[in-house]
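K.L.:
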Amino acid sequence: MTSLKHTRYRQFFPSLNGNNQQIAYLDSAASTQVPEQVLSEIEKYYRQGHANVHRASHSFARNATNAFELARKTIAEFIGAKAQNIIFTSGTTQAVNLLADGLAHLVAEGDHIWLSEMEHHSNLVPWQQLAKRNNAELKVIPVLENGDIDLGYFRQHISDKCKIVAVTHVSNSIGAMQPIPELSRIAHQVGAKIVVDGAQAVAHLDIDVNRLGCDYYLFSGHKLYGPTGIGVLYGTEQALEQIKPSVFGGEMISKVSFEQSTWNTLPYRLEAGTPNIIGAIGLASAVQFLNQFPLKERLSVERSLLNYALQKLEQHPQVELVGKPMMRVGIIAFNLRNVHPQDAATLFDQYNVALRCGHHCAMPLSNTLSPRGSIRLSLGIYSEQSDIDQALDAINKIMELFDD
Ligand SMILES: Cc1ncc(COP(=O)(O)O)c(C=O)c1O
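Each residue of the sequence shown is one higher than the last, beginning at 14 in my numbering.
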């Protein structure tokens with residue numbers, strides 16, 4: 014038996030209290046709510062004096078630079094990395110694009126780029142476009158019927174033509190968790206670089222990039238209780254050195270003349286222009302918020318809740334689960350018998366249950382597992398058993414409407 018007694022994390026999130034007390038927010042995979050601590054940190058920064066970073070020598074600028082670089086360190090430590098290995102981006106999507114442009118020189122005609130069938134479009138389209146530009150081939154690790162990737166197929170078919178493997182850590186559609194250490198080992202055996210999309214993993218797992226063994230790890234602040242518009246591209250030193258800058262301007266240069274320019278050192282070489290200073294500070298504050306709670310407890314509370322929701326949905330006679338991966342994190346996709354997911358989502362909203370429906374920006378996976386799309390329930394640190402019960406109650410009410 015699992016216990017659902019724990020810290021009431023919901024109390025720290027103003028948007029889920031007051032007038033919104035009745036909302037069951039089960040769409041954290043799309044974006045998470047922001048705790049009070051982060052909101053006040055953002056306000057405090059602007060109230061105490063804002064300036065641009067790394068430039069002027071006045072006190073506002075010094076404070077801004079210190080806060081920005083401290084944010085980099087806090088976020089780095091959260092994933093077991095060093096500050097100089099963290100590049101700030103606007104989110105996971107920009108991080109993938111930065112890699113697909115910056116690593117293009119590694120991919121020659123006839124080479125392979127491997128993805129999994131469950132990739133979010135953000136970790137698919139940039140690689141697809143790179144493959145087209147360089148006359149390379151996009152190869153796909155298929156998913157099995159239960160939604161896990163076919164690791165055997167990958168082992169059998171990968172060759173030294175492969176230059177890049179880009180895989181998600183956790184599927185944003187069905188919550189399937191990938192065996193990243195094993196995928197890293199396979200990629201490195203053929204000399205390829207491995208890029209891991211951690212957008213759906215970083216809020217739900219104990220991330221240590223060294224244990225994962227990947228070359229690059231990417232995530233977005235707005236799925237980690239931080240603000241939108243900030244994200245992270247982690248890379249090992251050697252892997253970051255291989256990225257050619259593709260965005261040019263201030264900050265990323267060392268010397269400029271009309272004839273030529275030379276580049277700054279890492280991480281600045283890959284951060285052209287004024288960075289999202291408040292985004293970085295806000296994200297670091299979100300990490301500090303999470304760090305207050307024992308990691309084991311936080312993760313086990315979420316696991317208990319996930320198991321509770323899975324068990325209830327599995328037992329429901331009118332619910333069809335989409336994908337039953339062996340290892341799952343934070344997300345469940347399902348359909349209601351004879352109800353289109355779009356109709357269901359509209360009705361859920363009427364019962365104050367916030368869920369997402371559709372193909373979840375992963376059309377290839379949706380086409381394989383559930384072509385009409387699915388309803389996605391996803392958890393955050395503030396999710397409670399009452400949210401799941403509210404969703405289950407809504408399911409019963411919806412099914413009554415469709416009962417004839
Ligand atoms: C697995 C995955 N990758 C990438 C992204 C894109 O993230 P962003 O829109 O923050 O760039 C998402 C967003 O839903 C995601 O779930």
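Yeah, the Cβ is synthetic: ideal placement off N, Cα and C, and Gly gets one too.
Bear in mind that the values here come from a model prediction, so they are computed numbers and not experimental data.
CB of Ser383 to nearest heavy atom of ligand 1: below 8 angstroms?
P.N.:
no
K.L.:
Should Ser184 be counted as a contact of ligand 1 given a C-beta to heavy atom distance under 8 angstroms?
P.N.:
yes
K.L.:
Less than 9 angstroms separating the beta-carbons of His128 and Val153?
P.N.:
Sequence check: residue 128 is Leu here, not His. Taking 9 angstroms as the cut-off, the beta carbon of Leu128 is found closer than this to the beta carbon of Val153.
K.L.:
At what residue ranges does the stretch 215 to 299 contain a whole run of the beta strand (DSSP E), taking only runs of 3 or more?
P.N.:
229 to 233, 244 to 248, 266 to 269, 274 to 276
K.L.:
Mind the definition here: the stretch 301 to 308 touches the stretch 279 to 289 only if three or more C-beta pairs lie below 8 angstroms; say whether that holds.
P.N.:
no
K.L.:
With a Cβ-Cβ cutoff of 9 angstroms, do Val51 and Ala299 count as a contact?
P.N.:
yes
K.L.:
When you compare only the Cα positions, how much space is there between Leu17 and Ser399?
P.N.:
Its pLDDT being 47, under 50, Leu17 is placed unreliably in this model, and the value from its coordinates should be taken loosely. Approximately 11 angstroms, taken between the alpha carbons.
K.L.:
Compute every distance between the C-beta of His329 and the non-hydrogen atoms of ligand 1, then say whether any falls below 8 angstroms.
P.N.:
no
K.L.:
How far does the beta strand (DSSP E) with Thr45 in it reach, from first residue to last?
P.N.:
First-last for Thr45: undefined, no H or E at that position.
K.L.:
From His201 to Gln363, what distance separates their C-alpha atoms?
P.N.:
Rounded to the nearest angstrom, the two C-alpha atoms are 50 angstroms apart.
K.L.:
Under 8 angstroms by Cβ, that's how I've got Val245 and Phe101 pegged, so tell me the actual separation to the nearest angstrom.
P.N.:
7 angstroms
K.L.:
Could you tell me the alpha carbon to alpha carbon distance between Phe25 and Glu90, rounded to whole angstroms?
P.N.:
Near 23 angstroms, if we compare the C-alpha coordinates of Glu90 and Phe25.
K.L.:
Which of the three DSSP states is assigned to Ala77 in this structure?
P.N.:
The answer is helix: DSSP assigns Ala77 an H, G or I state.
K.L.:
Measure the alpha-carbon distance for Ala9 versus Ile199 and round it to whole angstroms.
P.N.:
The structure shown does not extend to residue 9, since the chain spans only 14 to 417, so no value can be given for it.
K.L.:
For Val366, does the count of other Cβ atoms within 10 angstroms reach 16, so buried, or fall short, so exposed?
P.N.:
buried
K.L.:
Where do the N-terminal and C-terminal ends of the alpha helix (DSSP H) with Gly165 fall, by residue?
P.N.:
164 to 170
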